[in-house]
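Trainee:
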Amino acid sequence: MDQGGILRHAESLEINCPLADSRKRSPPCAPICFSSIVAYKSWRSLVGWVYRSASNYGYLGVDESLKPLSTQDIAMRLTNLFGLLAASTSLVAAVDLTGYEFIVVGSGAGGGVLAARLALAGRKTLLIEAGDDQGANENYTVPAYQAKSTEDDAMAWDFFVRHYADEARQARDFKTTYETPGGGEYTGLNPPSGSKMKGTLYPRSGTLGGCTAHNALIAVYPHRSDFDYIASLTGDSSWSADNMRNYFIRMENNRYLLPGVPGHGYNGWYSTETAPLNLALLDPQLLSLVTGGAFALGNETNLVFNIATLLAGDGNNVAASRDTTPGFYQIPISSNDAHRVGSREFIVAVRDAKTITGAKRYPLDVRTSCHVTKVLFDNSSPPKATGVEFLDGKYLYRASPRSRNAGAGTRGTATASREVIIAGGAYNSPQILKLSGIGPAAELRKFNIPVVKDLPGVGTNLQDHYEIAVQGRTPADFSALNGCTFGFNGQSDPCLARWNTPILGDRGIYESSGFAATMFYKSSTTERNEWDVFAFGGPVNFRGYFPGYSVNATIEHDWFTWAILKSHPRNTAGSVTLRTADPLDVPDILYNYFDTGSGNAEADLQAMTETVKLTRDAFKRQLVPIREELPGAGVQGDAAVKQYIKDTAWGHHASSTCPIGADNDPMAVLDSSFRVRGVNGLRVVDASVYPRIPGTFTAVSTYMVGEKAADVILSQNQ
Numbered sequence: 006m007d008q009g010g011i012l013r014h015a016e017s018l019e020i021n022c023p024l025a026d027s028r029k030r031s032p033p034c035a036p037i038c039f040s041s042i043v044a045y046k047s048w049r050s051l052v053g054w055v056y057r058s059a060s061n062y063g064y065l066g067v068d069e070s071l072k073p074l075s076t077q078d079i080a081m082r083l084t085n086l087f088g089l090l091a092a093s094t095s096l097v098a099a100v101d102l103t104g105y106e107f108i109v110v111g112s113g114a115g116g117g118v119l120a121a122r123l124a125l126a127g128r129k130t131l132l133i134e135a136g137d138d139q140g141a142n143e144n145y146t147v148p149a150y151q152a153k154s155t156e157d158d159a160m161a162w163d164f165f166v167r168h169y170a171d172e173a174r175q176a177r178d179f180k181t182t183y184e185t186p187g188g189g190e191y192t193g194l195n196p197p198s199g200s201k202m203k204g205t206l207y208p209r210s211g212t213l214g215g216c217t218a219h220n221a222l223i224a225v226y227p228h229r230s231d232f233d234y235i236a237s238l239t240g241d242s243s244w245s246a247d248n249m250r251n252y253f254i255r256m257e258n259n260r261y262l263l264p265g266v267p268g269h270g271y272n273g274w275y276s277t278e279t280a281p282l283n284l285a286l287l288d289p290q291l292l293s294l295v296t297g298g299a300f301a302l303g304n305e306t307n308l309v310f311n312i313a314t315l316l317a318g319d320g321n322n323v324a325a326s327r328d329t330t331p332g333f334y335q336i337p338i339s340s341n342d343a344h345r346v347g348s349r350e351f352i353v354a355v356r357d358a359k360t361i362t363g364a365k366r367y368p369l370d371v372r373t374s375c376h377v378t379k380v381l382f383d384n385s386s387p388p389k390a391t392g393v394e395f396l397d398g399k400y401l402y403r404a405s406p407r408s409r410n411a412g413a414g415t416r417g418t419a420t421a422s423r424e425v426i427i428a429g430g431a432y433n434s435p436q437i438l439k440l441s442g443i444g445p446a447a448e449l450r451k452f453n454i455p456v457v458k459d460l461p462g463v464g465t466n467l468q469d470h471y472e473i474a475v476q477g478r479t480p481a482d483f484s485a486l487n488g489c490t491f492g493f494n495g496q497s498d499p500c501l502a503r504w505n506t507p508i509l510g511d512r513g514i515y516e517s518s519g520f521a522a523t524m525f526y527k528s529s530t531t532e533r534n535e536w537d538v539f540a541f542g543g544p545v546n547f548r549g550y551f552p553g554y555s556v557n558a559t560i561e562h563d564w565f566t567w568a569i570l571k572s573h574p575r576n577t578a579g580s581v582t583l584r585t586a587d588p589l590d591v592p593d594i595l596y597n598y599f600d601t602g603s604g605n606a607e608a609d610l611q612a613m614t615e616t617v618k619l620t621r622d623a624f625k626r627q628l629v630p631i632r633e634e635l636p637g638a639g640v641q642g643d644a645a646v647k648q649y650i651k652d653t654a655w656g657h658h659a660s661s662t663c664p665i666g667a668d669n670d671p672m673a674v675l676d677s678s679f680r681v682r683g684v685n686g687l688r689v690v691d692a693s694v695y696p697r698i699p700g701t702f703t704a705v706s707t708y709m710v711g712e713k714a715a716d717v718i719l720s721q722n723q
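Those letters in the sequence shown? Residues 6 to 723, by my numbering.
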């Protein structure tokens, strides 16, 4: 093969370009063809240099013997070069998106709301989501199918996390999953010999709406102290609890209170409802177990709780006393006419809005099945974020159960004239930052990632609520669940049929996500005089997450669970670290639970132990002869209960890995305006921004963060 032949082969692609004769060809592919021509001319120079080196010296590199290569060897190596050349063709032909002011990466509670608000303000915005849109999927829409939604591989991202670095301690959790020698999975306490520990399943979601697409829909307002803490930490009064309530009022469309109740909104995009209480009133067993909780809490606090107070109460009321007073409430959920409402609904409404002439009303573009691999920066000082690199393709990320059959993806870039906002959540936002050169310098160098900014706090401070279960079995199935199959194994589901054909607006038991009532409990170890445990009960067999848990939770109808959530846990010692530099690989996630972490673990254990006693008492103070299954009759005394808690606790509110902090804090990743420190044009807006995890379920507070971030960004980009 002569040099002219090589170059003629390269040039043949120029000749075949539709723009070779623009008089005969249509020009829409001009940018692609021009890029191809430039790329091939660059490759032509490279190929010529390689060929000259080979011709002059007889080899394409230096080995120990300096033995000249044969013509056949040279031809083979040049053929390999053309493999690279072909790869280059796919790169230059990839998508290059321009014309946007803002790029938002991630469509969850923070990013989805932010992108919609920016577009409503007339700012040209690109929202990028790694998953597709599952809005027509009943697993997404039906509240009672929320457990199914977390294991629907069309939208599931399955992370396996470690609660303890020590494998022996991790192995004490019956929810720990292993890869068996044969390539299968085993979950339990006795894995086959030779199995490799994966960890505990931590469901996340890769679809439009992020984790708001599969959460339990629980819409509980955070503590006032969650926001006042950030205001005090940063000196930024806009984070005060009083000011932040305005964002809740702006976004809420309350459907369970009479209009005009202070502290609530009635015209926003975020619909809140409570499931009809007749679901419990018409089932004697369920009614008895719910009232048992009321009686137990009343006995503990010397307050009166019953069905009447349950009906009259508002767990999201605006009074400051709400945070300091024990309570027994129906659980508000994020639904509208018993259909899930999340950030997806806001995004779609803004994206699809039309003018009277049918034109697009707001400048929001949504690119789904698009996985961002890194942030791009210019060469200014400090560096400014100018856009992102991405891979187009479905199920590319290896957390997806479908990733094994996914392709390699098509590379592309998008540029933003103003800002890039990362909203990938507590696991993926630090991963994206690190892959982009922002994070602990030593960790980046370990993977040969050029350091753009040494920020040691990225991926540290990982926090979550501790959760455990107290469970019992009833002598008969709950009548409220008669006929409910949850559609597993292709079964018909009469309860779904009822949900689809409401009677006088009543869609039946599937209006609920599974939990009927909640107790706000103040333990003896509370800080700031606030209730610090959230115990919620319902007719489900829920004991945490493991492969197949959604079937286990719903297939039998004689279980009742009090799920206990520790508000404001004291541990901040978790971490998200890179496993590799491959953007499609999942990171390593370690929580360092209880005594292996930071803070006063004993205080957290004591609060949860007291609540185990409270929920056991709830079983006793009602009429159904329930048999306790977990912790079980053999687990008695504080020491045994605390060991049960340490062995079986889980969480599903990952947060705080890109924390806002004071200007003099070297571990602070963000300032109070969500800006990444040390660079320009880059922010993070999701659950990773909290320096301290909010008190209870994090969806509402993170929606509010998205609303606030929109105001901040618009005010700083006039």
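All C-beta atoms in this analysis are idealised placements derived from N, C-alpha and C, irrespective of residue type, glycine included.
Keep in mind the model is a prediction, meaning the values are calculated, not measured.
Beta-carbon within less than 6 Å of H562's beta-carbon, same chain only, minus the 5 sequence neighbours each way: which residues are those?
Mentor: Contacts found: D482, F483 and L486.
Trainee: Under three-state DSSP, which class holds F624?
Mentor: Helix, per DSSP.
Trainee: Looking only at its own chain, which residues have a Cβ that is under 7 Å from the Cβ of R632, when we skip the five neighbours before and after it?
Mentor: Correct list, in chain order: G477 and R478.
Trainee: Taking only the alpha-carbon atoms, compute the straight-line gap between Y275 and T185 and give it to the nearest angstrom.
Mentor: Rounded to the nearest angstrom, the two C-alpha atoms are 44 Å apart.
Trainee: Start and end of the alpha helix (DSSP H) containing C500?
Mentor: From DSSP, the alpha helix (DSSP H) with C500 extends over P499 to N505.
Trainee: Cutting at 8 Å between CB atoms, please list the residues of its own chain near S245, excluding the five before and the five after it.
Mentor: Within the same chain, S245 has close Cβ partners F232, D233 and A236.
Trainee: Decide if S31 is buried, meaning its Cβ has at least 16 other Cβ atoms within 10 Å, or exposed.
Mentor: Confidence in S31 is poor, its pLDDT being 32 and thus under 50, which makes the residue's placement unreliable; the coordinate value appears in the next sentence. Classification for S31: exposed.
Trainee: Round the Cβ separation of Y550 and T205 to the nearest angstrom and send it over; I've been treating them as touching at under 8 Å.
Mentor: At roughly 7 Å, the Cβ-Cβ gap stays under 8 Å, so Y550 and T205 are in contact.
Trainee: Can you tell me where the beta strand (DSSP E) holding R476 begins and where it ends?
Mentor: In the sequence as presented, Arg is not what sits at residue 476; that position holds Gln. Where Q476 is concerned, the enclosing beta strand (DSSP E) stretches over E472 to R478.
Trainee: Nearest to D157 by CA position, among P699, N142, L595 and H657, is which residue?
Mentor: The option with the nearest alpha carbon to D157 is N142.
Trainee: Comparing alpha-carbon positions, which option in R128, G214, E394 and R177 lies nearest A161?
Mentor: For the residues R128, G214, E394 and R177, the minimum Cα distance to A161 belongs to G214.
Trainee: Would you check if the distance between the CB atom of G127 and the CB atom of A623 is smaller than 8 Å?
Mentor: Against a cut-off of 8 Å, the Cβ pair of A623 and G127 comes out as no contact.
Trainee: Going by alpha carbons, who is nearest to R229 out of F107, D537 and I361?
Mentor: Selected option, being the one with the closest Cα: D537.
Trainee: Look up R174 in the DSSP assignment and say whether it is helix, strand or coil.
Mentor: DSSP places R174 in helix when its eight states are reduced to three.
Trainee: In terms of residue numbering, what span does the alpha helix (DSSP H) encompassing I352 cover?
Mentor: Segment S348 to D357, the alpha helix (DSSP H) holding I352.
Trainee: The alpha helix (DSSP H) spanning V710 covers which residue range?
Mentor: It spans A704 to S720 - the alpha helix (DSSP H) in which V710 sits, taken as one unbroken run.
Trainee: With a CB to CB cut of under 6 Å and the five nearest residues on each side skipped, what residues in its chain are close to A558?
Mentor: Hits under 6 Å: A152, V545, N546 and F547.
Trainee: Are the CB atoms of F165 and T182 within a distance shorter than 8 Å?
Mentor: Yes, Cβ-Cβ distance for T182 and F165 is below 8 Å.
Trainee: Quick check: the Cα distance between I336 and G188, rounded to an integer number of angstroms?
Mentor: Whole-angstrom Cα-Cα distance: 42 Å.
Trainee: For the alpha helix (DSSP H) that F2 lies in, which residues bound it at each end?
Mentor: Outside the displayed range of the chain (6 to 723) lies residue 2, so it cannot be described from this structure.
Trainee: Provide the residue span of the beta strand (DSSP E) that contains Y191, from first to last.
Mentor: Per DSSP, Y191 belongs to the beta strand (DSSP E) from E190 to T192.
Trainee: When you compare the region 425-445 with the region 692-707, are there three or more beta-carbon pairs, one atom per stretch, that lie closer than 8 Å?
Mentor: Counting Cβ pairs under 8 Å, three or more are found: they touch.
Trainee: Please determine, among Q611, A521 and G464, the residue with the shortest C-alpha to C-alpha distance to T530.
Mentor: Comparing Cα-Cα distances from T530 to each of Q611, A521 and G464, the minimum goes to Q611.
Trainee: Just checking my contact of V380 with A521 at CB under 8 Å: how many whole Å lie between their CB atoms?
Mentor: Actually they are not in contact, since the Cβ atoms of V380 and A521 sit about 44 Å apart, beyond 8 Å.
Trainee: Just mark F599 as buried or exposed, buried being the case when its beta carbon has 16 or more other beta carbons within 10 Å.
Mentor: When all chains shown are included, F599 counts as buried.
Trainee: Hey, how far is the Cα of T103 from the Cα of S210?
Mentor: Approximately 28 Å between the Cα atoms of the pair.
Trainee: Just the Cα atoms here: how many angstroms apart are W504 and G492?
Mentor: Going by the C-alpha atoms only, they are around 13 Å apart.
Trainee: Determine the contact status of L440 and R416, defining contact as a CB-CB distance below 8 Å.
Mentor: Against a cut-off of 8 Å, the Cβ pair of R416 and L440 comes out as no contact.
Trainee: Compare the C-beta of D590 with all C-beta atoms of chain B and state if any pair is closer than 8 Å.
Mentor: In the displayed structure, chain B is absent; only one protein chain is listed.
Trainee: Looking at the structure shown, is Q723 part of a helix, part of a strand, or coil, going by DSSP?
Mentor: Q723 falls in the coil class under three-state DSSP.
Trainee: Taking only the alpha-carbon atoms, compute the straight-line gap between R512 and V475 and give it to the nearest angstrom.
Mentor: In a straight line, the C-alpha of R512 is about 29 Å away from that of V475.
Trainee: State yes or no: is the C-beta of S339 within less than 8 Å of the C-beta of G347?
Mentor: Yes, the Cβ-Cβ distance between S339 and G347 is below 8 Å.
Trainee: Which same chain residues end up closer than 6 Å to N722 when comparing Cβ atoms and leaving out the 5 residues on each side of it in sequence?
Mentor: Cβ within range, chain order: R423.
Trainee: Can you list, in chain order, the residues of its chain with a C-beta nearer than 7 Å to that of R366? Leave out the 5 residues immediately preceding and following it.
Mentor: The answer, listed in chain order, is A358, K359 and T360.
Trainee: What does the Cβ neighbour count give for P699, buried or exposed, with the cut at 16 atoms within 10 Å?
Mentor: Classification of P699: buried, given that the 10 Å Cβ count is 16 or more.
Trainee: So within the region 254-306, which uninterrupted beta strand (DSSP E) runs reach at least 3 residues, ignoring any that extend past its ends?
Mentor: Listed in chain order, they are 257-259 and 275-277.
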